[in-house]
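Trainee:
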Amino acid sequence: MSEAAALDAVVSDAELALHLFARNPSLFGGIVLRGDGPVRDGMVAFAKDAIAKFGPVAKIPSNVDTERLLGGLDLTATLASGQSVLRAGLLDSAAGGVVIVPMAERVQANVAAHIAQAMDGGDVAAILLDDSQEPDEAPPAVLNERMAFYCDVSALRSFAGVKASKPIALADVQPLDEEQLYAIAATSAALGIGSVRALLFTNSAARAHAALHGRTQAIDEDIAAAVRLVLSPRATQMPQMEPPPPEPEDEQPEDDEADNNDEDRQIEDIDLEDILLDAAAAAIPKHILDQIDGATKRGGKGQGSKSGQKQKSAMRGRPLGSRPGVPSNGKRLSLIDSLRAAAPWQNIRRQLARADDMRIIHIRKSDLRVRHYEQRTESLTIFAVDASGSSALSRLAEAKGAVEMMLAQAYVKRSQVALIAFRQSGAEILLPPTRSLTRARRALAALPGGGGTPLAAGLMAAQQLAEAAQRAGQTPTIAILTDGKGNVAIDGSANRAVAMEEATQAARGVAALGLNCIVIDISPRPREEAAELAAALNGRYLPLPQAQSAAMVAAIESLHTQ
Amino acid sequence: MGSFPFSAIVGQNEMKQALLIAAVDARIGGVMIFGDRGTGKSTAARALAATLPLISVVEGCRFNSAPEAIADSPDYVPGAKVKAVKARVPFVDLPLGSTEDRVLGTLDLERALAHGEKQFEPGLLAKAHRGFLYIDEINLLEDHVVDLLLDVAASGENLVERDGLSIRHPARFVLVGSGNPEEGELRPQLLDRFGLSVEVRTPEDIADRVEIMRRCDANEQDGASFAAAWADEDGKVLKRIAKAKAALPKVETPESILEDMATLCKAVGADGLRGELTLMRGSRALAALDGKKTVTRKHLKEIAPLALRHRLRRNVLDETGSTTRIERALEELFG
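Sequence order for the protein chains is A and B.
Count along the first sequence from 1, then add 11; that gives the number in our numbering.
Count along the second sequence from 1, then add 35; that gives the number in our numbering.
1. Here's a check: name, in chain order, each residue in its chain whose Cβ is nearer than 6 angstroms to the Cβ of residue 511 (chain A), leaving out the five neighbours to either side.
2. So what does DSSP say about residue 344 (chain B), is it helix, strand or coil?
3. Return the residues of the segment 192–207 of chain A that lie within a Cβ-Cβ distance of less than 8 angstroms from chain B, sorted by chain order.
4. Under the DSSP definition of a beta bridge, which residues are partnered with residue 234 (chain B)?
5. So with Cβ pairs under 8 angstroms, would you call residue 237 (chain B) a contact of chain E?
6. Can you tell me the Cα-Cα spacing of residue 534 (chain A) and residue 136 (chain A), whole angstroms?
7. For the segment 108–120 of chain B, list every residue whose C-beta sits within 9 angstroms of some C-beta in chain A, in sequence order.
8. Measuring CB to CB, does residue 106 (chain A) end up less than 8 angstroms from residue 134 (chain A)?
9. If I'm right that residue 102 (chain A) touches residue 81 (chain A) with Cβ under 8 angstroms, what's the distance once you round it to whole angstroms?
10. Which same chain residues, not among the five before or five after residue 38 (chain A), have their C-beta less than 6 angstroms away from its C-beta?
11. Run through the segment 461–537 of chain A for me and flag every whole alpha helix (DSSP H) of 4 or more residues, listed as ranges in chain order.
12. I'd like the list of long-range same chain contacts for residue 316 (chain A), defined as Cβ closer than 8 angstroms, with 5 residues on each side in sequence excluded.
13. Relative to the C-alpha of residue 117 (chain B), which candidate in B:103, B:81, B:124 has its C-alpha closest?
14. With DSSP as the reference, label residue 257 (chain A) as helix, strand or coil.
15. Is DSSP giving residue 70 (chain A) helix, strand or coil here?
16. Note down the Cα distance separating residue 87 (chain A) from residue 47 (chain B), rounded to an integer number of angstroms.
17. Compare the C-alpha of residue 100 (chain A) against each of A:437, A:74, A:158, A:79 and name the closest.
18. With 8 angstroms set as the bound, which would you pick, yes or no: does the beta-carbon of residue 147 (chain B) sit closer than that to a beta-carbon of chain A?
19. Might you give, ordered along the chain, the residues of its own chain that have their beta carbon closer than 6 angstroms to the beta carbon of residue 279 (chain B), omitting 5 neighbours on each side?
20. Tell me the DSSP bridge mates of residue 435 (chain A)?
21. Got a sec: is the Cβ-Cβ distance from residue 186 (chain A) to anything in chain B below 8 angstroms?
22. Please report the distance separating the alpha-carbon of residue 260 (chain B) from that of residue 266 (chain B).
23. As a quick exercise: from B:233, B:143, B:296, B:282, pick the residue whose alpha carbon is nearest that of residue 79 (chain B).
24. Would you report the Cα separation of residue 147 (chain B) and residue 372 (chain A), rounded to the nearest angstrom?
25. Per DSSP, which residues does residue 122 (chain B) bridge with? Please list them.
26. What's the C-alpha gap between residue 302 (chain A) and residue 244 (chain A)?
27. Verify whether the separation of the beta carbon atoms of residue 141 (chain A) and residue 151 (chain A) is less than 8 angstroms.
28. Please name the residue, chosen from B:197, B:177, B:191, B:123, that lies closest to residue 156 (chain B) on a Cα-to-Cα basis.
29. Only counting the same chain, and skipping five residues up and downstream in sequence, which positions put a Cβ closer than 6 angstroms to that of residue 38 (chain B)?
30. Restricting to Cα atoms, I'd like to know which of A:477, A:104, A:210 is closest to residue 156 (chain A).
31. What separation, rounded to the nearest whole angstrom, lies between the Cα atoms of residue 8 (chain A) and residue 234 (chain A)?
32. Measuring only the C-alpha atoms, how far is residue 61 (chain B) from residue 209 (chain B)?
33. From what residue to what residue does the beta strand (DSSP E) around residue 155 (chain B) run?
34. Taking 8 angstroms as the threshold (C-beta atoms), are residue 360 (chain B) and residue 303 (chain B) in contact?
35. What does the alpha-carbon distance come out to for the pair residue 430 (chain A) and residue 456 (chain A)?
36. By the three-class DSSP mapping on this structure, what secondary structure does residue 200 (chain B) have?
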């Protein structure tokens with residue numbers, strides 16, 4: 012397929028998905044539009060117009076607070092009037108219609124959960140505008156899962172908003188026949204899609220596609236379109252591909268198994284399924300395949316890392332007393348303190364008040380006090396493991412053991428662990444911050460050894476993770492397991508002098524973050540390189556000729572308590 | 036979205052069984068469901084709540100009080116007339132990120148500010164009283180909220196001592212938690228508080244997947260007639276629960292089975308007494324559901340994975356899954 016033709020296909024698919032969604036929002040839950048730009052604005056405007064004919068449309072900013080989302084007491088108005096003034100929540104006002112969520116990748120977990128709950132109630136659909144830049148950024152999984160369509164519109168140049176010829180009502184379309192249902196089920200299994208919702212969305216999309224084209228019975232083309240629109244973006248594996256090794260537990264109903272289950276039916280189905288698999292394979296975006304090695308994309312990062320983020324200290328934790336302020340954004344009113352602040356002024360205010368003002372207590376906005384809490388931040392230990400040939404493979408096994416032991420402890424203490432490996436030409440994040448034993452074990456088991464030592468790259472990767480953790484309110488600690496002998500430069504060239512120079516610079520960069528660092532020397536005999544690295548990092552140096560996991564864990568533990 | 040008939044759920048027998056056991060004996064202490072998104076976890080719990088017979092509640096009571104227990108409700112004014120009405124078994128879906136206020140209840144700000152009155156505004160716990168409290172992604176819920184929930188679930192009572200309020204009200208519910216262990220695990224001490232746990236997998240059988248699509252489609256097209264078509268089956272489930280509830284106090288547990296339970300717990304290294312207690316209660320409820328008067332090894336074997344798999348001490352370096360370890364022990368001990 013030529014590039015222009017490929018782009019046309021993308022255009023038509025995104026438009027198609029939008030048409031299907033706009034005609035039956037609640038049936039499809041929602042649509043994700045990824046990639047900012049005027050084309051997307053046009054698409055949103057089109058959807059708004061289409062949906063406004065039968066239901067409300069509300070925009071939910073990503074920084075919305077729970078009160079506004081769910082409704083409640085309007086405090087300022089209540090105080091001014093002396094009567095309770097209630098305000099409807101955004102979700103209530105969008106009932107029967109659609110909510111538009113800009114910057115959906117930044118939506119907080121609790122907001123996402125409330126929207127998801129409203130969607131489960133069936134009264135709201137959503138348009139998620141995903142402005143993610145990084146491939147591992149995504150809207151919260153709890154929302155993504157409930158959206159029928161994902162469209163990457165960043166490559167689009169125009170949106171015409173044209174409509175299909177003679178659409179009929181969805182109710183006039185017959186249910187799919189047996190063969191078509193089997194084809195959808197088998198295709199989703201071959202693509203490694205576990206969710207039942209995906210199946211249901213595909214089924215609905217096929218019928219809606221038929222309706223859009225004025226057909227009372229879905230044909231192969233409708234099924235193929237539905238598979239392309241709904242199943243392809245969710246694929247976790249290429250059809251007929253070897254199961255990726257790090258994901259042994261992923262549901263991969265073997266095709267053979269399906270064959271055995273209904274052998275006779277398989278024979279007649281084979282054609283349709285093949286068409287569908289082709290349709291799906293053509294539409295699977297490249298970067299999805301890149302991610303197959305790692306965690307399942309949408310499940311992976313979205314929720315996992317969000318959960319580690321801590322809310323502001325105004326919300327929870329150990330009480331620290333109160334401060335002037337208006338309750339909002341989760342800050343709680345401290346009623347007793349507010350009344351105490353208002354008390355001295357009661358006589359004066361009563362005299363100043365109008366004669367018909369019968370309020371018992373006169374409270375002004377300036378009297379309000381909100382609670383403050385102190386919260387212990389979560390800790391994150393970043394292991395940067397030198398997996399080069401020079402740190403012999405046996406010690407790599409010990410380092411692996413240490414990380415597993417740390418994780419077992421973190422599991423009880425609710426702190427997180429991340430794992431970076433550096434070898435050959437660069438550093439790789441094997442395990443983004445997690446508490447999951449399951450994933451950690453898998454990542455560790457898959458860590459290979461050998462090659463040069465790109466020490467600088469490893470340090471920079473650790474720094475990036477640490478910075479991200481700090482932004483999320485965590486307290487990172489970096490543990491570097493290396494012999495300190497960098498010999499691969501950042502650009503991947505084997506130049507010892509440059510490599511060491513760069514490593515020292517990278518170490519100073521890490522030191523500037525002011526974190527607790529520890530360098531664990533895993534060379535057979537302690538050398539000065541690792542000690543120098545520790546000095547540049549402004550961290551501790553621990554020579555461990557024979558790295559023993561328990562001793563290593565104890566050393567890192569002592570860092571946390573400092 | 037109307038609720039889906041409980042008996043129309045395809046497959047997922049283990050989850051359905053765990054929920055039925057919890058419906059028969061609420062003391063079992065909650066059900067934890069592990070599994071991926073979109074595998075019908077909340078649908079099953081919601082469906083069961085909707086299938087159960089209507090309960091009798093006091094009209095206007097914000098705490099779902101039963102007429103005979105109205106004296107426990109903070110809303111009760113002595114001497115006031117009590118009018119009973121029928122209501123559905125409550126099903127409360129607790130969203131992630133719920134604050135303590137919303138869960139426990141809090142001072143009614145509206146009344147406090149506008150009228151200068153101190154009144155309690157009930158939270159989700161009061162709403163869930165006598166029903167189900169479902170928590171999706173419980174592994175992502177804030178620790179302190181989970182602690183509160185488990186405490187209330189264990190004591191059956193919500194005690195609020197804050198904001199100058201001092202209130203207690205009954206809150207007995209079946210706690211159903213769900214989560215995906217890939218996205219962060221639960222602390223062991225928390226897991227231990229759950230009575231049963233089940234692992235839900237996506238139906239891998241193509242025919243099952245097709246059947247799911249077909250049934251959901253039928254439900255969407257015409258929910259009323261779909262529900263009617265399954266009313267008989269749901270009625271049977273209902274009868275089974277009612278019978279089992281009535282028979283439960285009379286189910287006998289032979290001494291030898293109790294010994295078996297202790298042996299099993301010891302063999303798999305399930306810490307604490309909760310494992311044995313749950314084994315006992317669970318196999319009793321299972322026997323009652325089967326219409327049997329005596330607990331047998333068959334019941335014990337059936338309940339053991341559900342009652343124990345989340346209580347085994349994790350060995351980081353051991354890859355063997357908990358379920359396999361229990362099955363192996365069952366095989367060795369009882370053949």
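Heads up, the beta-carbon is just placed ideally off N, CA and C, and yes, glycines get one too.
Mentor: Put simply:
1. Along the first sequence, one-based indexing puts residue 511 (chain A) at 500. Only 497 meet the Cβ criterion.
2. Numbered from its first residue, the second sequence carries residue 344 (chain B) at position 309. Three-state result, residue 344 (chain B): coil.
3. Near chain B, meaning a CB-to-CB distance below 8 angstroms, the residues of the segment 192–207 of chain A are 192, 193, 195, 196, 197, 199, 200, 205, 206, 207.
4. Taking the first residue of the second sequence as position 1, residue 234 (chain B) is located at position 199. According to DSSP, which records beta bridges pairwise, residue 234 (chain B) is partnered with B:69.
5. Of the protein chains in the structure, A and B, none is chain E.
6. Within the first sequence, residue 534 (chain A) is the residue found at index 523, counting from 1. Within the first sequence, residue 136 (chain A) is the residue found at index 125, counting from 1. Approximately 58 angstroms between the Cα atoms of the pair.
7. none
8. In the first sequence, residue 106 (chain A) corresponds to position 95, counting from 1. In the first sequence, residue 134 (chain A) corresponds to position 123, counting from 1. Going by C-beta atoms, residue 106 (chain A) is nearer than 8 angstroms to residue 134 (chain A).
9. The residue you call residue 102 (chain A) lines up with position 91 of the first sequence. The residue you call residue 81 (chain A) lines up with position 70 of the first sequence. 6 angstroms between Cβ atoms; contact.
10. The count along the first sequence starts at 1 and reaches residue 38 (chain A) at position 27. Excluding positions up to five away in sequence, the list reads 215.
11. Taken in chain order, the whole alpha helix (DSSP H) runs of length 4 or more contained in the segment 461–537 of chain A are 466–482, 507–522.
12. Translated into positions along the first sequence, residue 316 (chain A) becomes position 305. In this prediction, residue 316 (chain A) has a pLDDT of 31, which is less than 50 and means its spatial position is unreliable; what the coordinates show is noted afterwards. Closer than 8 angstroms at the Cβ level, and outside the excluded window around residue 316 (chain A), lie 443, 444, 483.
13. Sequence index remark: in the second sequence, residue 117 (chain B) carries index 82 (1-based). Ranking B:103, B:81, B:124 by Cα distance to residue 117 (chain B) puts B:103 first.
14. Numbered from its first residue, the first sequence carries residue 257 (chain A) at position 246. Here the model assigns residue 257 (chain A) a pLDDT of 40, short of 50, so the residue's position is not dependable and the matter cannot be decided.
15. Within the first sequence, numbered from 1, the residue matching residue 70 (chain A) stands at position 59. Three-state result, residue 70 (chain A): strand.
16. Counting from 1 along the first sequence, the entry for residue 87 (chain A) is found at position 76. Counting from 1 along the second sequence, the entry for residue 47 (chain B) is found at position 12. One C-alpha to the other measures close to 51 angstroms.
17. Taking the first residue of the first sequence as 1, we reach residue 100 (chain A) at position 89. Among A:437, A:74, A:158, A:79, the Cα nearest to that of residue 100 (chain A) belongs to A:79.
18. Within the second sequence, numbered from 1, the residue matching residue 147 (chain B) stands at position 112. Cβ-Cβ to chain A under 8 angstroms: yes for residue 147 (chain B).
19. One-based indexing of the second sequence puts residue 279 (chain B) at position 244. Excluding residues within five positions, the ones whose Cβ falls inside 6 angstroms are 59, 323, 324.
20. Indexing the first sequence from 1 puts residue 435 (chain A) at position 424. Answer by DSSP bridge pairing: none, since residue 435 (chain A) is not bridged.
21. On the first sequence, residue 186 (chain A) is found 175 positions in, with the first residue counted as 1. Put simply, the CB of residue 186 (chain A) is near chain B, with a gap under 8 angstroms to one of its CB atoms.
22. In the second sequence, counting from the first residue as 1, residue 260 (chain B) sits at position 225. In the second sequence, counting from the first residue as 1, residue 266 (chain B) sits at position 231. Those two C-alpha atoms are separated by around 9 angstroms.
23. Position 44 of the second sequence, counting from 1, holds the residue named residue 79 (chain B). Looking at the Cα atoms, B:233 is the closest of the given residues.
24. As a position in the second sequence, residue 147 (chain B) is number 112, starting the count at 1. As a position in the first sequence, residue 372 (chain A) is number 361, starting the count at 1. Taking the straight line from one Cα to the other gives about 10 angstroms.
25. By one-based count along the second sequence, residue 122 (chain B) stands at place 87. The secondary-structure analysis by DSSP pairs residue 122 (chain B) across a beta bridge with B:90.
26. For the purposes of this step, residue 302 (chain A) is taken as the residue at position 291 of the first sequence. For the purposes of this step, residue 244 (chain A) is taken as the residue at position 233 of the first sequence. Its pLDDT being 40, under 50, residue 302 (chain A) is placed unreliably by the model, and the measurement read from it follows with that caveat. Rounded to whole angstroms, residue 302 (chain A) to residue 244 (chain A) spans 12 angstroms at the Cα level.
27. Locating residue 141 (chain A) in the first sequence gives position 130, counting from the first residue. Locating residue 151 (chain A) in the first sequence gives position 140, counting from the first residue. Against a cut-off of 8 angstroms, the Cβ pair of residue 151 (chain A) and residue 141 (chain A) comes out as no contact.
28. Taking the first residue of the second sequence as 1, we reach residue 156 (chain B) at position 121. Residue 156 (chain B) has its Cα closest to that of B:197, out of B:197, B:177, B:191, B:123.
29. Sequence index remark: in the second sequence, residue 38 (chain B) carries index 3 (1-based). For residue 38 (chain B), where only same-chain residues beyond five positions count, the Cβ hits under 6 angstroms are 81, 82, 85.
30. Indexing the first sequence from 1 puts residue 156 (chain A) at position 145. Answer by Cα proximity: A:210.
31. No information on residue 8 (chain A) is available, as it lies outside the stretch 12 to 573 that chain A covers here.
32. Position 26 of the second sequence holds residue 61 (chain B). Position 174 of the second sequence holds residue 209 (chain B). Roughly 6 angstroms between the two C-alpha positions.
33. Here residue 155 (chain B) corresponds to residue number 120 of the second sequence, with the count starting at 1. Element bounds for residue 155 (chain B): 155–157.
34. Working through the second sequence from its first residue, we reach residue 303 (chain B) at position 268. Working through the second sequence from its first residue, we reach residue 360 (chain B) at position 325. Cβ atoms of residue 303 (chain B) and residue 360 (chain B): closer than 8 angstroms.
35. The sequence position of residue 430 (chain A) within the first sequence is 419, counting from 1. The sequence position of residue 456 (chain A) within the first sequence is 445, counting from 1. Whole-angstrom Cα-Cα distance: 12 angstroms.
36. Along the second sequence, read from residue 1 onward, the residue named residue 200 (chain B) stands at position 165. In this structure, residue 200 (chain B) counts as strand in the three-state DSSP scheme.
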